[in-house]
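Numbering (the working numbering), first residue to last: 536 to 599.
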């Protein structure tokens with residue numbers, strides 16, 4: 536995916552990872568895992584989204 540096209544998807548990617556993280560947090564809390572574990576699940580999913588966004592320039596430069 537070209538860099539310009541990736542920049543247009545950045546806000547959508549943040550929204551998607553936030554919604555998925557909140558959904559996973561809600562499900563974890565519903566299963567009785569507690570608030571602390573649910574929060575860690577949410578933050579882990581959000582962190583994955585951030586790492587994917589930050590590492591995109593590096594992945595683009597390593598492509599042949």
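Glycine included, C-beta positions come from ideal geometry on N, C-alpha and C.
Note that this is a predicted model, so its numbers are computed, not measured.
- Annotation: the continuous alpha helix (DSSP H) that includes residue 578 extends over 570 to 597.
- With respect to the 7 Å criterion, residue 582 and residue 560 are not classified as neighbours on the basis of their beta carbons.
- CA-to-CA, the gap between residue 570 and residue 563 works out to about 9 Å.
- Between residue 585 and residue 593, the alpha-carbon positions lie close to 14 Å from each other.
- When secondary structure is reduced to three states using DSSP, residue 567 falls in the coil class, being assigned neither helix nor strand.
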